[in-house]
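Written out below as structure tokens is the structure these notes cover.
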Amino acid sequence: MDNPKSGLNAVAEAAKQAPGKGLPPVHLWHPEHCGEIDIVIREDGVWMHEGSPIGRKELVRLFSTVLRKDPDGYHLVTPVEKLKISVEDLPFRAVAMRRERDALIFTTDVGDEVRASEADPIVVETDPATGEPAPRIHVRGDLWARIARSVFYEMVEMAQEVDGRLVVQSGGQVFSLGAVT
């Protein structure tokens, strides 16, 4: 049996320490790097462990709360361990959006809610070869969510044309979705 103070068990225990709906203070934790763990966040947002999907949403949510991106990659971090994982694209997906007064609120596939603002911007990069947009929104730390295609289409529908670009507004900020073609 796994040691309850290491690996996935330690990650799960550390994540449970967050009071209420808050997040653990992973930015304050500076443990030794303990190696890699066979967790992959696929491009489609599915979390895999040792080649199999992690089926329990509560467990994925728990792990997402102790995820951090450092200069050398993505890690699950506890006060005593730092385990590197693989992320194929971005760790989260923005799967829903709603408007509340002057703000666009995005919901991620792990249950985070993010209000698009100066602190949490929407960024749309365009693939130079295909012209495909790759929209994302800042979630926390250096973690971003890929905006789902259906959500991006909603944004395009509500966008206004300004100086040859489609833009949306949220939290007093203007975000460009791309050039009008």
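To convert, note that position 77 of the sequence shown is 77 in UniProt numbering; the numbers rise steadily by one, no gaps. For each residue, glycine too, the CB sits at the ideal point set by N, CA and C. Just so we're clear, the structure is a prediction, and the values are computed from it rather than from any experiment.
*What three-state label does DSSP hand Pro-19 in the structure shown?*
Note that Pro-19 scores a pLDDT of 42, beneath 50, so its modelled location is shaky and nothing firm can be said.
*Express the C-alpha separation of Tyr-153 and Ile-105 in angstroms, rounding to a whole number.*
15 Å
*Express the C-alpha separation of Leu-177 and Pro-53 in angstroms, rounding to a whole number.*
CA-to-CA, the gap between Pro-53 and Leu-177 works out to about 33 Å.
*Of the listed residues Thr-78, Arg-56, Gly-73, Gly-55, nearest to Thr-65 (C-alpha basis)*: Thr-78
*Whose C-alpha, out of Pro-133, Ile-41, Tyr-74, is nearest the C-alpha of Gly-35?*
Tyr-74
*asked:* Between the region 138 to 153 and the region 87 to 97, can you find at least three pairs of beta-carbon atoms closer than 8 Å?
replied: yes
*Under a Cβ-count criterion, where at least 16 other Cβ atoms within 10 Å of its own Cβ denotes burial, should Met-155 be classed as buried or exposed?*
Answer is buried; the Cβ neighbour count reaches 16.
*Compare the C-alpha of Leu-143 against each of Asp-112, Val-162, Glu-132, Trp-29 and name the closest.*
Nearest of Asp-112, Val-162, Glu-132, Trp-29 to Leu-143, Cα basis: Asp-112.
*Compare the Cα-Cα distances from Arg-165 to each of Val-124, Ala-116, Val-46, Arg-101 and report the closest residue.*
Val-124
*Between which two residues does the beta strand (DSSP E) harbouring Ser-170 extend?*
165 to 170
*Using DSSP bridges, identify the partner residues of Thr-126.*
Pro-133
*What does a CB cutoff of less than 8 Å around Pro-121 pick up in its chain, not counting 5 residues either side in sequence?*
Within its own chain, the residues whose Cβ lies closer than 8 Å to the Cβ of Pro-121, once the five positions on either side in sequence are excluded, are Ile-137, His-138, Gln-173, Phe-175, listed in chain order.
*asked:* Output needed for Lys-21: all residues of its chain with C-beta closer than 7 Å, excluding positions within five of it in sequence on either side, in chain order.
replied: Any reading at Lys-21 needs caution, since the residue's pLDDT is 49, under 50, leaving its predicted position unreliable; the model's value is listed next. Taken in chain order, the list of residues that qualify is empty.
*Tell me where the beta strand (DSSP E) around Glu-100 begins and ends.*
92 to 100
*From Phe-63 to Glu-81, what does the alpha carbon distance come to, in whole angstroms?*
13 Å
_Option nearest Lys-84 by Cα separation, candidates Arg-101, His-33, Thr-108_ = Nearest neighbour of Lys-84 by Cα position, chosen from Arg-101, His-33, Thr-108, turns out to be His-33.
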